[in-house]
Each structure stands twice: as C-alpha cells, then as structure tokens.
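There are 2 protein chains.
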Amino acid sequence: MAKVVHLGFLGCGNIGGGVWKLLDAMHDEILQRDGLDIRVERALVKSIPEARTDVPAEILTESAADVLEDPAVEIVCEFMGGEQPAASFMERALRAGKTVVTANKMALALHWHELQAAADQTGAGLYYEASVGGVIPIIRSLTVSLEADRIHRIMGIVNGTTNYILTRMAREGASYADVLADAQRLGLAEPNPAADVEGFDAAYKLSILSSIAFHSRVTVDRIYREGITGVTPEDIAFGREMGYTLKLLAIGKRSGNTVEVRVHPTFLPDSHPLARVDGSLNAIFLHGDFCKDMMLQGRGAGDMPTASAICGDILFAARAVRHTVPSFRNTAETDPALTVTDDWSTRYFIRMKVTDAPGVLARIADVFGQRDISLAAVMQKGSEGEKARLVLITHKARERAVREAIAALDPAIAQVVSCIRVENGEA
Amino acid sequence: MAKVVHLGFLGCGNIGGGVWKLLDAMHDEILQRDGLDIRVERALVKSIPEARTDVPAEILTESAADVLEDPAVEIVCEFMGGEQPAASFMERALRAGKTVVTANKMALALHWHELQAAADQTGAGLYYEASVGGVIPIIRSLTVSLEADRIHRIMGIVNGTTNYILTRMAREGASYADVLADAQRLGLAEPNPAADVEGFDAAYKLSILSSIAFHSRVTVDRIYREGITGVTPEDIAFGREMGYTLKLLAIGKRSGNTVEVRVHPTFLPDSHPLARVDGSLNAIFLHGDFCKDMMLQGRGAGDMPTASAICGDILFAARAVRHTVPSFRNTAETDPALTVTDDWSTRYFIRMKVTDAPGVLARIADVFGQRDISLAAVMQKGSEGEKARLVLITHKARERAVREAIAALDPAIAQVVSCIRVENGEA
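Note that the protein sequences, when read in sequence, are chains A and B.
The numbering used here puts the first residue of the first sequence at 9, with every later residue one more than the last.
The numbering used here puts the first residue of the second sequence at 9, with every later residue one more than the last.
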C-alpha cells in the first residue's frame, strides 16, 4: 500500500520548478521503490497570470493561506528565498504541525529560534539540507553521521559565485571588476551582487554550519565578515609565487569553550584539498577528534542539485515519523557558555609599498617584532617609482596584534596595500 | 529524562576498543546534549585472560549467548570481522529483535539477504555506515540524502592499503614487492595481504555501494576483480608521462537496465579529483541525474575514524525508532531485471614489446582497427634489445574486443606487457 504524501509549495521559481521536475521524473520510481506517492497539492506564486512554471495552473494560488491552512498539506516546501515573508510563513506552517523543508539560509540563520520553537511545540520536522552547500550532504553528515564526534574546525567554500570569480581572476590575471561584469552577463552573479561578494551569503551558511557543528547557536552578527571586492590580481599572483591559492572561506573553529567564526579571503597552500575546488563548486573541509580530516564537495547551487537535496529531505521527512536532529540548548542567542572571540590566531600575508632605503626593512620588522609577530617569509618584488613592493608572511599571530602593528607602521615609509589571512587547515 | 541505551559488543579488538574509548570520552556530552545514556552491558571476547582491552573485566564474556540472549541488550555492535561466526551472530541478534551495527563488509556483502530478512521479520534496524569508506558518510548519503536522485556512476578509492602502496610506488618509482614489504613492516598491510592487494576487500565494498546506489542487489560474484600485484613502476611512469595517475578503483556504472561492476587498477587523468587522493585516504566520487558530480573523502580506516562512523550509527539507531533505509526488491540475488555486463566500454592503456621493424606498427594497428578499436595515442619509448617499447591508448572500446585484439596479436612481433583501463569520470 502506497503512502500518499501531500506537499505544498511556497514559491515556484527556479528551485521550486526544479523540485517539481525531479518529483515528476522520479514519481513512479519512488512509488515503486519506496511506496511513497508524492503529490504537490498547492503552490503559492506571486501572480498566477505571470507564473512561468511547469506546475499545473489548477494547483497555483496567490494566497499563502491556501497552502498554510490546507489540512491536506503535510509538508510545506519553502522556495521563496529572502527573510520575509518566508520566515513567518514557515513559522505558521510549523505551528500548524506541518513539516517544513527549506533551502533558505537567510531566513533560517536569522529566525532559527522562532522556527525551532514552533517545530518543538507541535512536533513538526524542520529540514534544511539544501541551505548550505547545495546538494552536498553536510547538514545530515554533521547532525547524524558525525553526531558522536567532536568537531573542531570547519572550512568551507560555500558560495559558488565568489569561487567562480576568484578562480577566473587566478586563471586569467583579470581584475575583480572585469570578471564580475562577465559573471553578471553570464547570469552567474546577480545584478546587485552584494549578498555574494560581500560575504553575507557565506556568513548565513557559516552561522548554520557552526551552530550545528559546535552544538551551540552562533548568530550571524557574531561572524566576522569580509568580502572579495578588495581582492586584486596582484595579491593572487604574489600568493601563487609563494605557493598559495586564494579562496573566500567560511571558517569556524572551536577550542575548548572559545569559538571563532569568520568569512574572508584566505590563502591556502596549493596542496590543500580546498585549493583545488574551482569554479562554482562548493566544498566543506572539517576536522573532528575522531573522524580526523574529511572533505565533501559538489554542486553548491543550480536548480537540479538543489532540488536533489530538497527531495532527499522530503523523502526523509515522509518516512521518518520525526527524526529530531540534535538541537542545542538555546537557539535564541549565542550560548553564554561559549565565547566567540575576534582575536583569533592565524598567519597573515601582508603586502605593502615601502620606501626603498637602507634600514626600512629593519624598522618594519621591529614594529611587528614588538607585538610578538614573527615573520616566516619576506619577499621584495621590484619597485613602483620610489617605492619597493614588499610581501610579508607571518608565523601564527593574534589578529589584534597584527591590526595594531599595521596601524603603527610609519606611513612615510610603509603603506599596507592588502592583508590576507593564511590558513593551512591545521589547528 | 535520559534514555538509557544498552549495547552489547561482539568482539573487542582495535575497532571495539576504539568504540569503547569514544563512548567513554563522549558519554557525558552525549547524555547532556542528546539525552542518551549509552552503556555497554556485555562484550564478547575470545579469551578473557588474554583480552587486552580497556573494557572492564566484569562485562567481558566468552559466550556469544551472553550478548545475543541478554534481553537488556538493545543494540548489538559487531566487531569480529570475517564472514563467520560474525554473520550468523548478527542474524541471531536481528531475529531476537536487536538492532545491529556493523563495519563488516565481508559478512554483509555475503549474507545481506539473511540479515535483511531477519531484520524485516522483527523490525530491528541494520546499520553499516562504517563498512565502506570508514568515516566517510557514503551509506547515509546514498540511502538518505540522495534517495530521490538517480545515481549512474560510482568510482571509489575504498581500500587504503592499496592506495598507500600505489602512492608510494608513484612517488618513489619503487617496485610493488618493495613497497608491500615496507607497508607490512609498518603495519599498514597484513602479513597475508591478499584481501587488500587482490581486490577482495574493494569488491565487498563495491557490492554494498552498487547495491544501494542502483537499488538492486549486486552480488560479489558478479564483480570483475583484478588486484594490484601486477602493477609495475614502468606502467606508472608511462602513465604519468601521458598525464595519468594509477589508482585501484571500485567502479559501478548503470546505464538503463545494464550494470557494470569492476575492481581493477585504473588510470585517471591527473586533473580528476580522485587522482589526488593519496596515501591511505579513501574517497568516493559519484554522479547522479540531479546531483551531478560529487565527491566525499576521508579516513577509510583507523580505529577512531571507524569508531566515529559506528557511534554515528549507534546514536541514529538509539534515536530513530527504526529508519528503514530504502531496500531493494530482492536481496537474495542480483535483480533479474538488471543485466550485469562484463563487456563494458572504456579506454585502455596497452603497453607492449614489439619487433623494431618497418610495417610492424601498421600490422598492430590493423589488429585493433579490425575490431573497431581506434587509437587515441601511440608512444614508442626506446628499446630493449631488438624490441621496441610501445604504449597505445585507445578511444572507448569494448572490453571483449580489446581482449580479442590482444589475443590476435602475432607473438612474433608484439607481446603485451600490461593492459590497464582508463577512466575519465564521464559516462
């Protein structure tokens, strides 16, 4: 006997259309194999006359209540994107006891507490595998497969647009502005690209990843965020000479009760597995006490890969009565027992223009040395007018000390052009 | 209120000891976070006086019945390895309604039908994440996250010992025998290495992977198997010159109702993500209709990574009432609706010694051409006595045609030294 599962869609754009297409293509196979007869009952669109979708016109509606209040709908799939009204619609669905499946990292990262509280109240399920890394099964890996492990570090390439831009800048030596314009022309970057290039998208995803990995809510406002708009082909070329590849990483680290969470351009050794994840691919590298190093890579975006992850959630939700994923003590705010630090320790690539005169390097080294920052490599590369181009790579140093050192440099002899953090995947 | 979960161990060697250690280290955290109080009630060992384990002596037993018939034991964790008595013990546990967690690919691949039938009879759970790829969450990714997708290809580096040997042969130009001896000395290969180097271990794992991915039992006896004992440094060096890396791959492909399943040394383009998975690491690359390319990599062996995967299963089993993973119609034998072919189509690297005389290359090319095998590259490399060394790379060709061509070569002019299949990750 097949079990009929009734879905309601909130939104029916690219992702909703992809889910429809997948469910249509796989309907008979899923029915035969799993005994699940998945049916879409209602689909909310902004305007029925303007809807461009394969979903049959007779199930389209312009009223959210038709989805949220239809007693036949058991699972609500949210494809609207954005913070509101998506978050409040999901909350209404959960309060009505309907399971929610979403790919909406923004609504989840900002409203996790209300959503989880609503789910807990009614026992409804809340699933969001597709919210981070597209089809990469990172959420289920962290919440289920690695549940008994203790995760210390996560480093992810979780935004395909910026990875595409950085990959092309590295390959072509092209400027950020030129590659961005081309990516926009190709539809790979939004007309307003801020969410991607300023790191907001990655920060939402890091909030979700680090909350789950560290079993404690890490809110978006605690995440240090720096985008790729300031990245230059010169930095990429200097890094390459020194054996580094530049990536926009979402980094979460835990040491005892201290957590650091940051999104910024990062140099990785060329030998690191993440350094080879190119174009619009996503990948998540993690390290735990018992699992040691692990990496998952795949399509982080695209209608059909995202649809695959969403439909995985739908089938899981349809079969499991309710698999409560491990929660954390307090979804409202960052766990008071955990400290989120902004004074992490890592290595730094610092490029500057310096006056080409005897004694200058010693004076610069002294400014760093006074703050316990030791230099692992110094490279001088030609000159521009009276200025020499100098690149320093530090050993591990404190973020604050590096900022202080940069501020303390005498502008008459040294101007810092760029400062990029360097990670090697170790603690 | 904590839920007490009672475990019984079958076997208490390296992996059992690792699981004990993990559960001991994480007990309080799991209790506090997940409300699960995990307790090991009984542990079967061969000989209590000779047991070298951290598990307390009072719970050790030499009688399997003490574990299998103890009504308090809800989850039986099998760490004995090997086919028997492990398989029959697991079957007894399942028939008694106890959930079974195992990492035993051999017992599972050979006795899946009896085990699944026993589980279905009582509703007990059967979990085996650690049986393939160690801590890599490939089983759950296939059975849960990608359940709605249609997987066409799997290529895995699923045996760490052979990957270690091939990696060192490539780096050092050393012979198979020398590296094997060193690996045995370091404890990275067994004194009797056949299970690893002859590809048996990889074949058991491929049976499990392809059965799940293709939703149809693929029994071990249907898998073509060729180990690494015949691999030479010369082949590796020739391949490198042509841009290929040699790996022992477990390959499963499905096209319509035809399946090909094979374990053999394989050349991969250096640019393929699997080509860079070195040493004892494992990785699984897969391609599905909707998810497209995906790769998961991590520790395929080792006490603690394996323990992490096993404990993930234990917590999942303890929490889910019973999450029935998608099964297939017939676990007893390969699905009659599917054809397992041994006449697959791929590319081939063929190295031979040929008589160095005019017209010889034309005669060889003719033998291949007559069988619809076209050559993508021909490389002649120096000579040994009167013989020239010749390497051919074919375009895609049928396995049987290639075998026939090799058999048809005139031994007076050409002797084939090695024939290695070449995959590029595409269909």
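Every residue, glycine too, gets a C-beta built ideally from N, C-alpha and C.
The structure presented is a predicted model; accordingly, all values stated were derived computationally and were not measured.
From the options, residue whose alpha carbon lies closest to that of residue i
| i | options | result |
| --- | --- | --- |
| ASP380(A) | THR363(A), ARG411(A) and GLY105(A) | ARG411(A) |
| GLY308(A) | SER316(A), CYS319(A), GLY296(A) and LEU289(A) | LEU289(A) |
| ALA178(B) | GLU198(B), MET302(B), VAL425(B) and THR240(B) | THR240(B) |
| GLU99(A) | ASP78(A), ALA80(A), THR130(A) and SER71(A) | THR130(A) |
| SER279(A) | THR107(A), TYR252(A), ILE46(A) and LEU30(A) | TYR252(A) |
| LEU282(B) | ILE173(B), ALA10(B) and ILE162(B) | ILE162(B) |
| VAL271(B) | ALA345(B), TRP352(B), ASP286(B) and ALA245(B) | TRP352(B) |
| GLN423(B) | GLY21(B), GLU434(B) and VAL368(B) | VAL368(B) |
| ARG408(B) | ARG429(B), HIS223(B), ARG397(B) and GLU394(B) | ARG429(B) |
| ASP321(B) | SER218(A), GLY247(A), VAL152(A) and LEU417(A) | VAL152(A) |
| THR227(B) | GLU249(B), HIS121(B), SER139(B) and THR314(B) | HIS121(B) |
| LEU323(A) | HIS403(A), TYR135(A) and ASP418(A) | TYR135(A) |
| GLY142(B) | GLN40(B), ALA191(B), GLU77(B) and LEU217(B) | LEU217(B) |
| PRO313(B) | ILE259(B), VAL269(B), ILE144(B) and SER391(B) | ILE144(B) |
Under 8 Å between C-beta atoms of residue i and residue j
| i | j | result |
| --- | --- | --- |
| ALA111(B) | ILE23(B) | yes |
| CYS299(A) | TYR356(A) | no |
| VAL375(A) | ALA420(A) | no |
| ASP204(A) | ALA197(A) | yes |
| GLU86(A) | VAL13(A) | no |
| VAL166(B) | ALA202(B) | no |
| ASP343(A) | ARG225(A) | yes |
| GLU431(B) | THR274(B) | yes |
| ALA95(A) | HIS119(A) | yes |
Buried or exposed (CB count within 10 angstroms, at least 16 for buried), residue i
| i | result |
| --- | --- |
| LYS213(A) | buried |
| GLN388(B) | exposed |
| LYS492(A) | Residue 492(A) is absent from the model: chain A starts at 9 and stops at 435. |
| ARG176(B) | buried |
| LEU44(B) | buried |
| ASN200(A) | exposed |
| GLN305(B) | buried |
| ASP36(A) | exposed |
| HIS331(A) | The predicted position of HIS331(A) is uncertain, since its pLDDT is 49 and thus under 50; a value taken from the coordinates is nonetheless stated next. Under this definition HIS331(A) is a buried residue. |
| ILE56(B) | exposed |
| VAL386(B) | exposed |
| ALA3(A) | Residue coverage of chain A in this structure runs from 9 to 435, which leaves residue 3(A) outside it and unanswerable. |
| GLY207(B) | buried |
| SER219(B) | buried |
| LEU102(B) | buried |
| LEU194(B) | exposed |
| MET9(A) | exposed |
| GLN378(A) | exposed |
Simplified DSSP state of residue i, which is helix, strand or coil
| i | result |
| --- | --- |
| MET9(A) | coil |
| GLU91(A) | coil |
| ILE259(A) | strand |
| ASP418(B) | coil |
| ASP157(A) | coil |
| PRO313(B) | helix |
| THR69(A) | strand |
| THR349(A) | coil |
| ASN290(A) | strand |
| VAL108(A) | strand |
| TYR136(A) | coil |
| GLY7(B) | Because chain B is modelled from 9 through 435, residue 7(B) falls outside the range shown and cannot be assessed. |
| LEU118(A) | helix |
| CYS319(B) | helix |
| ILE56(A) | coil |
| GLY168(A) | helix |
| HIS35(A) | helix |
8 Å contact criterion, which residue i and residue j should meet: CB distance rounded
| i | j | result |
| --- | --- | --- |
| ALA325(B) | GLY133(B) | 5 Å |
| GLY164(B) | LEU257(B) | 7 Å |
| VAL75(B) | LEU150(B) | Not confirmed; about 30 Å, so no contact. |
| VAL84(A) | VAL108(A) | 5 Å |
| LEU31(B) | ILE46(B) | 6 Å |
| GLY264(B) | ASP157(B) | Between ASP157(B) and GLY264(B) the Cβ distance is about 17 Å, and since that is not below 8 Å, they are no contact. |
| ALA291(B) | MET303(B) | 6 Å |
| ILE401(B) | MET250(B) | 7 Å |
| THR354(B) | LYS404(B) | 6 Å |
| GLY287(B) | TYR172(B) | 6 Å |
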